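>
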Amino acid sequence: MNLSIITALLRKDLVLFFSNRFFALITFLALFAYAILYYLMPAEIDESLEMAIYAPELPTSLLNELTEQGMVLIPMESEQALKDAVLEGSYPVGVILPTNFIPNLVAGQTGQVYLYFSTDFEDEFKDLYAILFTEIAYMIGGKPLNIEVTEEILGEDRSGDQIAYRDRLLPLMVVMILMFETLGLASLIASEVSTGTLTALLVTPVRVEGLFIAKGILGVGLAFIQAFLLMAIIGGLSQQPLMMLVLLLLGSVLVTGLAFLIASISKDMMSAMGWGMLAIVVLSLPSFSVLIPGSVTNWVKIIPSYHVVDPVYRIINYAPTWAEVGDNMLILAASALLILGLGVAVLRRKFQ
Amino acid sequence: MANPAIIAENLTYRYGKLTAVDHINFQVGEGEILGFLGPNGAGKTTTVKMLTGQLLPAEGRAELLGMDITKHTKKIQSQIGVCFEQTNLYEAMTAADNLKLFARLFGVQGFDADALLERVGLPGKGKSRVETFSKGMRQRLMVARALVNQPRILFLDEPTEGLDPVSAETIRNIILEEKSQGITVFLTTHDMVEADKISNRVAFINQGKIVALDTPHALKQQYGKRALIAEVVSSDGNFTTREIVMDEQDTPNAVEKLFANEKVVTIHSEEATLEDIFIQITGRGLV
Chain D
1 MNLSIITALL
11 RKDLVLFFSN
21 RFFALITFLA
31 LFAYAILYYL
41 MPAEIDESLE
51 MAIYAPELPT
61 SLLNELTEQG
71 MVLIPMESEQ
81 ALKDAVLEGS
91 YPVGVILPTN
101 FIPNLVAGQT
111 GQVYLYFSTD
121 FEDEFKDLYA
131 ILFTEIAYMI
141 GGKPLNIEVT
151 EEILGEDRSG
161 DQIAYRDRLL
171 PLMVVMILMF
181 ETLGLASLIA
191 SEVSTGTLTA
201 LLVTPVRVEG
211 LFIAKGILGV
221 GLAFIQAFLL
231 MAIIGGLSQQ
241 PLMMLVLLLL
251 GSVLVTGLAF
261 LIASISKDMM
271 SAMGWGMLAI
281 VVLSLPSFSV
291 LIPGSVTNWV
301 KIIPSYHVVD
311 PVYRIINYAP
321 TWAEVGDNML
331 ILAASALLIL
341 GLGVAVLRRK
351 FQ
Chain G
1001 MANPAIIAEN
1011 LTYRYGKLTA
1021 VDHINFQVGE
1031 GEILGFLGPN
1041 GAGKTTTVKM
1051 LTGQLLPAEG
1061 RAELLGMDIT
1071 KHTKKIQSQI
1081 GVCFEQTNLY
1091 EAMTAADNLK
1101 LFARLFGVQG
1111 FDADALLERV
1121 GLPGKGKSRV
1131 ETFSKGMRQR
1141 LMVARALVNQ
1151 PRILFLDEPT
1161 EGLDPVSAET
1171 IRNIILEEKS
1181 QGITVFLTTH
1191 DMVEADKISN
1201 RVAFINQGKI
1211 VALDTPHALK
1221 QQYGKRALIA
1231 EVVSSDGNFT
1241 TREIVMDEQD
1251 TPNAVEKLFA
1261 NEKVVTIHSE
1271 EATLEDIFIQ
1281 ITGRGLV
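Sequences listed follow chains D and G, in order. Under the numbering used here, think of the first position of the first sequence as 1, with each following residue one higher. Under the numbering used here, think of the first position of the second sequence as 1001, with each following residue one higher.
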């Protein structure tokens, strides 16, 4: 295929892409919005547990025990002040220890503890607080539980260095930014088919292969540059840059193939937008496995974008070796080529 | 006929069970304008699509410039210009950029978009986006685009349909200019008057078959009748029309009788139009 023809088609596609105000705006806006959002989010996780407490007589031993458990105690002036603070969401947990709490325990009688939780507090953690105060009560009553607990963290100990929410959000941002370009490319192709401009091109020396090469370069190029810029701005290339670039390139091929598929089933630009939005929703699902661990099950691994999300997350946070992300990379490369091939085959039929 | 630029032999195309073009045969000489006439759905555009390499014939073959269209598609396409029935310009691009894009695709060196735009009656419009153009301006730009590569064969599919008289006349003049430079023009239209004005020969296509093919003059001679139409005043003061068929043995007597017996107000000769002939041959109109 003649290089000057590919160049001419590519120039034309760039002009058309950026003459569409929506896509031009979303291209720049998404990049800067994501970068700004990333930097606005806290870089660290606050691991301390705040608990409001009202206890007219709080013994030092109890205070020390609670502090050792990693809790930050916030004293309240009254029972009502504590309840109001928890109700307003200022603190997730509040505890009231009546005046007779310690004397009762010491005398071998029942000590009453009042725990208050905010409305969205998880059930499992409510029980943990109850267990904590039960254990403390046994200790103060002179009957410590006869259990020795040995703690061991398997893998890297990230105590005090938890992964920040912004780094959990990053894989979602990468998928979204790649997919925005997919929307643009699919709409561009669908629009060219519906307006007949592609037909005009195909009665010139332009071959169908040339059209695909030009569109492929445009799709992969736009998606890759966008994702690369995002990573460069937020420092995502500081660890394993080559690995990250290969990953973004494969992700760009994947979304370009998807754009071809979407264009082949779309009647016009609006139809392409509709299908594209559906694709964005589906491809975003694996990101929630990182953003909110446990929120999705293993079946998300069949969605090809999982193999973008997982390695991005690991490269940003764990600096893995090539072998550690090898499976992801291979599956991603295979699915990207498969979808690209399928997209070309289906769209080719539409062109001809 | 001069050397044939287009040869169609048993050219056939089917959309499923429907035969859209049914074993048609014709030739178009170099520098000739062939008017390809027929109603909507007759098979005109399908024929153009086969001749320009957009569709593969189900049967038969087409040769353009001495080459088989199915075997040398891209080589032929580099030497033809196509003006489509549907306006398919890049609306978000300027008129000049539309033309320059195609000039690059055809590998035209030193292309002058402004000169071509001036030729089609769009001087100074090079920097205007196509989306701001009227229908007539767009159609003129479509014709300009078909001329970018200085084609040896020009395919024009309904180039003047729905245009204002000025735009239509501009396009007709361009067609005649191209013909004068030895370019072959394949003009599909259902405007019989236009075809009559500018075509060297016309082909009538109906239900996928060519039902007549000759010069407009020969077709009129073969199928049409010439007549004198006279408007006369009757004794009660009303106007009525009398028709005298020409070229018959009794015509002079009939004319003499008319003037002797009737009060003739107006009289003029009338020829059959291509549309009359088409209706006569096919039994249907052109819509």
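Cβ coordinates follow ideal geometry from the N, Cα and C atoms, glycine included. Quick caveat, the model's predicted, so the values are computed rather than measured.
#1: Please check if any C-beta of chain D sits within less than 7 Å of the C-beta of G:THR1052.
#2: Candidates G:MET1192, G:ALA1008 and G:THR1070: which alpha carbon is nearest G:PRO1039's?
#3: According to DSSP, what are the bridge partners of D:PRO75?
#4: Put G:GLY1126 into one of helix, strand or coil per three-state DSSP.
#5: Which bits of chain D does G:LYS1074 rub up against, with CB to CB less than 7 Å?
#6: If D:VAL220 sits next to D:THR182, beta carbons under 8 Å apart, how far is it from one beta carbon to the other, in whole angstroms?
#7: On the three-state DSSP scale, how would you describe G:THR1019?
#8: Who does G:ALA1227 pair with in a DSSP beta bridge?
#9: Between D:GLU57 and D:LYS126, what straight-line distance do the alpha-carbon atoms span, to the nearest angstrom?
#10: Would you say G:ASN1206 faces chain D, with C-beta separation under 7 Å as the test?
#11: Does the region 1083-1099 of chain G come close enough to the region 1117-1132 of chain G that 3 or more CB-CB pairs lie under 8 Å?
#12: Could you check which residue in G:ILE1277, G:MET1246, G:ALA1230 and G:GLU1063 has the C-alpha nearest to that of G:THR1240?
#13: I believe D:TYR175 touches D:VAL309 by the beta-carbon criterion, under 8 Å. Please report the beta-carbon distance rounded to the nearest angstrom.
#14: Would you tell me roughly how many angstroms separate the C-alpha atoms of D:LEU82 and D:LEU25, rounded to the nearest one?
#15: With a CB to CB cut of under 8 Å and the five nearest residues on each side skipped, what residues in its chain are close to G:ARG1140?
#16: Please classify D:PRO103 as buried or exposed, where buried requires at least 16 other C-beta atoms within 10 Å of its C-beta.
#17: Specify the secondary structure class of D:GLY274 as computed by DSSP and reduced to three states.
#18: Checking 7 Å against the spacing of the C-beta atoms, do D:PRO286 and D:TYR313 come in under that value?
#19: Quick check on G:PHE1133: does DSSP put it in helix, strand or coil?
#20: Give every residue of the same chain whose Cβ lies closer than 8 Å to the Cβ of G:LEU1163, excluding the five residues on either side of it in the sequence, and list them in chain order.
#21: Does the beta carbon of G:GLN1077 come closer than 7 Å to any beta carbon on chain D?
#22: In terms of alpha-carbon separation, which member of G:GLN1054, G:LYS1263 and G:PHE1186 lies closest to G:GLY1029?
#23: Could you name the residues of chain G that D:THR182 contacts, counting a contact when the two beta carbons are closer than 7 Å?
#24: Could you list the residues in the region 322-346 of chain D with a C-beta less than 9 Å from some C-beta on chain G, going in chain order?
#25: Please identify, using Cβ separations under 8 Å, the residues of the region 1096-1116 of chain G that lie next to chain D, in order along the chain.
#26: Whose C-alpha, out of G:ASN1238, G:ARG1226 and G:ALA1254, is nearest the C-alpha of G:VAL1265?
#27: At a CB distance below 7 Å, what residues from the region 1127-1156 of chain G approach chain D? Give them in sequence order.
#28: Tell me the residue span of the alpha helix (DSSP H) that contains G:ASP1214.
#29: Taking D:GLY224 as the reference, which of D:LEU261, D:ALA263 and D:LEU178 has the closest Cα?
#30: Tell me whether D:TRP322 counts as near the ligand FMN, meaning its Cβ is closer than 6 Å to at least one heavy atom of that ligand.
#31: With a 10 Å radius around its C-beta and 16 neighbouring C-beta atoms as the bar for buried, classify D:VAL149 as buried or exposed.
#32: In whole angstroms, give me the CA-to-CA distance for G:ILE1210 and D:MET273.
#33: In angstroms with no decimal places, state the Cα-to-Cα distance between D:PHE180 and D:THR195.
#34: For D:GLY196, which residues in chain G fall below 7 Å Cβ to Cβ?
#35: At a CB-CB cut-off below 8 Å, which residues of chain D make contact with G:ALA1092?
#36: Determine the DSSP secondary structure at G:PRO1057, reduced to helix, strand or coil.
In brief:
#1: Looking up residue 1052 of chain G in the second sequence gives position 52. Chain D contact via Cβ: present.
#2: Here residue 1039 of chain G is taken as the residue at index 39 of the second sequence, counted from 1. Proximity to G:PRO1039 across G:MET1192, G:ALA1008 and G:THR1070 peaks at G:MET1192, based on C-alpha coordinates.
#3: On the first sequence, residue 75 of chain D is found 75 positions in, with the first residue counted as 1. Residue pairing by DSSP places D:PRO75 opposite D:ILE53 in a beta bridge.
#4: Locating residue 1126 of chain G in the second sequence gives position 126, counting from the first residue. G:GLY1126 carries a coil assignment under DSSP once its states are collapsed to helix, strand and coil.
#5: To locate residue 1074 of chain G, count along the second sequence from 1; it is residue 74. Against chain D, the beta carbon of G:LYS1074 has neighbours under 7 Å at PRO205 and ARG207, listed in chain order.
#6: For the purposes of this step, residue 220 of chain D is identified with residue 220 of the first sequence, where counting begins at 1. For the purposes of this step, residue 182 of chain D is identified with residue 182 of the first sequence, where counting begins at 1. The Cβ separation is near 11 Å, so there is no contact.
#7: As a working mapping, residue 1019 of chain G is identified with position 19 in the second sequence. DSSP places G:THR1019 within a strand segment (E or B) once states are collapsed to three.
#8: As a working mapping, residue 1227 of chain G is identified with position 227 in the second sequence. Answer is G:VAL1245 and G:GLU1270, bridged to G:ALA1227.
#9: Taking the first residue of the first sequence as 1, we reach residue 57 of chain D at position 57. Taking the first residue of the first sequence as 1, we reach residue 126 of chain D at position 126. Looking at the two C-alpha atoms, the distance is approximately 24 Å.
#10: The count along the second sequence starts at 1 and reaches residue 1206 of chain G at position 206. Look at G:ASN1206: its C-beta is not under 7 Å from any C-beta on chain D.
#11: The region 1117-1132 of chain G, when compared against the region 1083-1099 of chain G, does touch it at the 8 Å Cβ threshold.
#12: To locate residue 1240 of chain G, count along the second sequence from 1; it is residue 240. Nearest C-alpha to G:THR1240: G:ALA1230.
#13: On the first sequence, residue 175 of chain D is found 175 positions in, with the first residue counted as 1. On the first sequence, residue 309 of chain D is found 309 positions in, with the first residue counted as 1. Correcting the residue type first, residue 175 of chain D is Val in the shown sequence and not Tyr. Confirmed, Cβ separation roughly 6 Å.
#14: Within the first sequence, the letter at position 82 stands for residue 82 of chain D. Within the first sequence, the letter at position 25 stands for residue 25 of chain D. D:LEU82 and D:LEU25 have their C-alpha atoms spaced approximately 49 Å apart.
#15: Residue mapping note: residue 1140 of chain G aligns to position 140 of the second sequence, counting from 1. Cβ neighbours of G:ARG1140 beyond the five flanking positions: VAL1120, GLY1121, LEU1122, SER1167, THR1170 and ILE1171.
#16: Locating residue 103 of chain D in the first sequence gives position 103, where the first residue counts as 1. Flag for D:PRO103 reads exposed.
#17: If you number the first sequence from 1, residue 274 of chain D lands on position 274. Correct three-state label for D:GLY274: helix.
#18: Taking the first sequence and counting its residues from 1, one reaches residue 286 of chain D at position 286. Taking the first sequence and counting its residues from 1, one reaches residue 313 of chain D at position 313. For D:PRO286 and D:TYR313, no; Cβs fall outside 7 Å.
#19: The count along the second sequence starts at 1 and reaches residue 1133 of chain G at position 133. Of the three classes helix, strand and coil, the one that applies to G:PHE1133 here is coil, per DSSP.
#20: Stepping through the second sequence from its first residue, residue 1163 of chain G is reached at position 163. Here the set comprises LYS1135, GLY1136, GLN1139 and ILE1171.
#21: Numbered from 1 along the second sequence, position 77 holds the residue referred to as residue 1077 of chain G. Chain D contact via Cβ: present.
#22: Within the second sequence, numbered from 1, the residue matching residue 1029 of chain G stands at position 29. Comparing Cα positions, the closest option is G:PHE1186.
#23: Mapped onto the first sequence, residue 182 of chain D falls at position 182. Ordered by position in chain G, no residue passes the 7 Å Cβ test against D:THR182, which lies about 20 Å from the chain.
#24: Those residues of the region 322-346 of chain D that come within reach of chain G (Cβ to Cβ, closer than 9 Å) do not exist; the list is empty.
#25: Result list: ASP1097, LEU1101, PHE1102, ARG1104, LEU1105, PHE1106 and GLY1107.
#26: On the second sequence, position 265 is the one that residue 1265 of chain G refers to. Measuring from the Cα of G:VAL1265, the nearest candidate turns out to be G:ASN1238.
#27: So the list is empty, because no residue satisfies the distance condition.
#28: Taking the second sequence and counting its residues from 1, the one referred to as residue 1214 of chain G is at position 214. If you look at G:ASP1214, you'll find it isn't in any alpha helix (DSSP H); it sits in the beta strand (DSSP E) that goes 1209-1214.
#29: The sequence position of residue 224 of chain D within the first sequence is 224, counting from 1. Strictly speaking, residue 224 of chain D in this sequence is Phe, with Gly absent from that position. Ranking D:LEU261, D:ALA263 and D:LEU178 by Cα distance to D:PHE224 puts D:LEU178 first.
#30: As for the ligand FMN, it is missing from this structure, which has no ligand bound.
#31: To locate residue 149 of chain D, count along the first sequence from 1; it is residue 149. By the neighbour-count rule (16 or more Cβ atoms within 10 Å), D:VAL149 is not buried but exposed.
#32: In the second sequence, counting from the first residue as 1, residue 1210 of chain G sits at position 210. In the first sequence, counting from the first residue as 1, residue 273 of chain D sits at position 273. One C-alpha to the other measures close to 45 Å.
#33: Here residue 180 of chain D is taken as the residue at index 180 of the first sequence, counted from 1. Here residue 195 of chain D is taken as the residue at index 195 of the first sequence, counted from 1. Distance between the alpha carbons of D:PHE180 and D:THR195 is about 23 Å.
#34: Indexing the first sequence from 1 puts residue 196 of chain D at position 196. Per Cβ cutoff of 7 Å: PHE1084, GLN1086 and ASN1088.
#35: By one-based count along the second sequence, residue 1092 of chain G stands at place 92. Per Cβ cutoff of 8 Å: VAL15, LEU16, SER19 and ASN20.
#36: For the purposes of this step, residue 1057 of chain G is taken as residue 57 along the second sequence, with counting starting at 1. Assignment of G:PRO1057 by DSSP, reduced to helix, strand and coil, places it in the coil class.
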